[in-house]
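Residue numbers (this note's numbering): 496 to 779. Backbone N, C-alpha and C define an ideal beta-carbon position, used for all residues, glycine too. Here the structure is a predicted model, which is why all the values come from computation and not from measurement. First up is the structure itself, then whatever we jot down about it.
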DNA sequence: TTTAGACCTGC
DNA sequence: CAGGTCTAA
């Protein structure tokens, strides 16, 4: 199945920008594609000549719409670029990584992923999420690939801290379990956070154990349509300190975040993603 | 209100 | 040390 788009889009930059953790890079006859799990389906994506090729375990029109939604192909990225093009540094990052998008992920999976991200690294986070899926999700097979769906909150809430520790989650295990219980009991409805304002949504998320300002902003940005969300991690702090603001060593990250949000405003999240990516790859 | 330290695990 | 959070002081 093919999907066309008009707004700038780069599959590789998007799927390798550290916002999602279940895509596996594959090659077939020297051609690059990505294999991942969305909902209960294995999805294979590749990009060529302004077209995205989609293959999946259940080949329906609804999967196509799901992918269009996930990749936000209807979003006008050029408009976002115009909005955040405020200085040469961000402009250079935009030029380099043109087409890198912010995804619209499932908020529940996104929440657990970023709870797992604290004091960790992409490789390990990916392993944690995959292991959780293998242990508690459903098996899916497609074209010789074998993957597992990400379990529901209800499913995950029935496990124990010890079992999660055995999976290698470390000190994040109790956070994941508590978060699962909160979501399973519907004490928080994550998708509802899409329709309320940013500060309100942030206040709600931050109450979940293991979720601080950084993790909450990641979930808001990568799954809850909160375009002004601005996750402040070590890399972003470095960029902002080097190129933007006079930040002291121990400036509260909430103050740092608010400075950046005041500067980039409505699409601060996109600015964050480009600055982060640029600075992180520069280090490698 | 602000600030060190601890916290699992693996490269 | 690694894309933080929690807790005690």
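Inset, instruction - Name, in chain order, the residues that DSSP records as bridge partners for residue 636. - result: The residue you call residue 636 lines up with position 141 of the first chain. Partner(s): 641.
Inset, instruction - Starting from the Cα of residue 605, find the closest Cα among 656, 625 and 730 and give me that residue. - result: By one-based count along the first chain, residue 605 stands at place 110. Checking every option, the nearest Cα to that of residue 605 belongs to 625.
Legend entry - Limits of the unbroken beta strand (DSSP E) element including residue 681: Taking the first residue of the first chain as 1, we reach residue 681 at position 186. It is not in any beta strand (DSSP E) - residue 681 carries neither H nor E in the DSSP assignment.
Inset, instruction - Let me know the secondary structure DSSP gives residue 536 once reduced to three states. - result: Taking the first residue of the first chain as position 1, residue 536 is located at position 41. The answer is strand: DSSP assigns residue 536 an E or B state.
Legend entry - Unbroken alpha helix (DSSP H) run spanning residue 661, endpoints: Taking the first chain and counting its residues from 1, the one referred to as residue 661 is at position 166. From DSSP, the alpha helix (DSSP H) with residue 661 extends over 656-661.
Inset, instruction - Label residue 638 either buried or exposed according to how many other C-beta atoms from any shown protein chain fall within 10 Å of its C-beta, with 16 as the threshold for buried. - result: Counting from 1 along the first chain, the entry for residue 638 is found at position 143. Under this definition residue 638 is an exposed residue.
Legend entry - Length-filtered (4 minimum) alpha helix (DSSP H) runs lying within the region 696-730: 708-718
Legend entry - Under 7 Å between C-beta atoms of residue 632 and residue 644: By 1-based counting over the first chain, the position of residue 632 is 137. By 1-based counting over the first chain, the position of residue 644 is 149. The answer is yes: Cβ separation under 7 Å.
Inset, instruction - With DSSP as the reference, label residue 764 as helix, strand or coil. - result: For this step, residue 764 is matched to residue 269 along the first chain. Three-state DSSP puts residue 764 in a helix.
Legend entry - Contacts around residue 510, its chain only, beta-carbon distance under 7 Å, and the 5 residues preceding and following it disregarded: Within the first chain, residue 510 is the residue found at index 15, counting from 1. Closer than 7 Å at the Cβ level, and outside the excluded window around residue 510, lie 518 and 529.
Inset, instruction - Sort out for me which residues DSSP pairs residue 530 with in a bridge. - result: The residue given as residue 530 occupies position 35 in the first chain. Answer by DSSP bridge pairing, in chain order: 519 and 539.
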